[in-house]
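A quick write-up on the structure given underneath.
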Amino acid sequence: MLETCDHGQSIRAAPRPEPQLFHGHGTRSVRVAWLLAEMGLPYRTTLVPFPPRLKQAEFLAINPAGSLPFFIDGPTRMTESVAICLYLVEVYGPTPLAVSPAEASFADYLQFCLYGEATLTQPLGSILRYRHLEPPERRNRQIVDDARALFQRRLKPVEAAVASTRYAAAGRFTVADISIGYALAFAARLGETSSFTPAIQAYADRLQDRPAYRAVLSSDPNRGRVIGEEA
Numbered sequence: 001m002l003e004t005c006d007h008g009q010s011i012r013a014a015p016r017p018e019p020q021l022f023h024g025h026g027t028r029s030v031r032v033a034w035l036l037a038e039m040g041l042p043y044r045t046t047l048v049p050f051p052p053r054l055k056q057a058e059f060l061a062i063n064p065a066g067s068l069p070f071f072i073d074g075p076t077r078m079t080e081s082v083a084i085c086l087y088l089v090e091v092y093g094p095t096p097l098a099v100s101p102a103e104a105s106f107a108d109y110l111q112f113c114l115y116g117e118a119t120l121t122q123p124l125g126s127i128l129r130y131r132h133l134e135p136p137e138r139r140n141r142q143i144v145d146d147a148r149a150l151f152q153r154r155l156k157p158v159e160a161a162v163a164s165t166r167y168a169a170a171g172r173f174t175v176a177d178i179s180i181g182y183a184l185a186f187a188a189r190l191g192e193t194s195s196f197t198p199a200i201q202a203y204a205d206r207l208q209d210r211p212a213y214r215a216v217l218s219s220d221p222n223r224g225r226v227i228g229e230e231a
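Counting from 1, one number per residue, gives the positions in the sequence shown under the UniProt record's numbering.
Have a look at this one:
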């Protein structure tokens, strides 16, 4: 790669360093690792124990939020999994994993990219917290039951979208499916697949059968295990 100086001379630009992903098994960083694998992009991985803010204090020096994922690309620093995915398809595209504004499904694509995190993952976080993470005296079955019912309702737009086209937007696999796919995998880890209709289960199976997804999960020692079950 060559760059031209103001005075017309050409110099060789320094090679761009590989992006770095701070990753934790089962966390939202799975979305980013999955997309990187789908795109075939080289990157460096730093595995961080969960929860990083408690188990790897030095991580807070570079990411004060103490959250995963944490993504570095040159001067860029990002922590939101869906935002990182949208960044990657724009900066390292073009790729069919994105939907352009010129396509009729662009609005659906944006909607479902955010839906997977903001709408689907939120009630699952409540289930995880109030069934497993809080001390026994603070666990709350009513909150868990309400969150489960909310998650079931929120799956309905996804079911409607994938019933005829197999994927969330544009009739093909995109970042929107990665966003939703992580939420469905999270639900499965919580033992909440009873919320899945046959159409949602078939959709989840399609996503989780993708080679890139299987490659990302191949190193997860807890893959296939439901949270709370004995090892």
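Cβ coordinates follow ideal geometry from the N, Cα and C atoms, glycine included.
{"Asked": "For VAL32 and PHE71, which I take to be in contact (beta-carbon distance under 8 Å), what is that distance rounded to the nearest angstrom?", "Found": "6 Å"}
{"Asked": "Grouping DSSP H, G and I as helix and E and B as strand, with all else coil, what is ARG210?", "Found": "coil"}
{"Asked": "What is the rounded straight-line gap between the Cα of THR45 and the Cα of LEU88?", "Found": "16 Å"}
{"Asked": "To the nearest whole angstrom, what separates the beta carbons of GLU117 and SER81, a pair I think is in contact under 8 Å?", "Found": "7 Å"}
{"Asked": "Can you list, in chain order, the stretches of the alpha helix (DSSP H) that have 4 or more residues and sit fully within the region 38-98?", "Found": "52-55, 81-91"}
{"Asked": "Give every residue of the same chain whose Cβ lies closer than 7 Å to the Cβ of ARG28, excluding the five residues on either side of it in the sequence, and list them in chain order.", "Found": "LEU68, PRO69, SER81, TYR182"}
{"Asked": "Near VAL99, what residues of its chain come up, given a Cβ to Cβ distance below 7 Å and the 5 sequence neighbours on each side ignored?", "Found": "SER105, PHE106, TYR109, ALA169, ALA170, THR174"}
{"Asked": "Indicate whether LEU217 and ALA204 have their beta-carbon atoms separated by less than 8 Å.", "Found": "no"}
{"Asked": "Can you give me the C-alpha to C-alpha distance between residue 235 and ARG138, rounded to a whole angstrom?", "Found": "Any question about residue 235 goes unanswered here, given that the chain covers just 1 to 231."}
{"Asked": "Thinking C-alpha only, which one of ALA202, TYR130, ASP220 is nearest ARG148?", "Found": "TYR130"}
{"Asked": "Is the distance from the Cβ of GLY26 to the Cβ of ASN222 below 8 Å?", "Found": "yes"}
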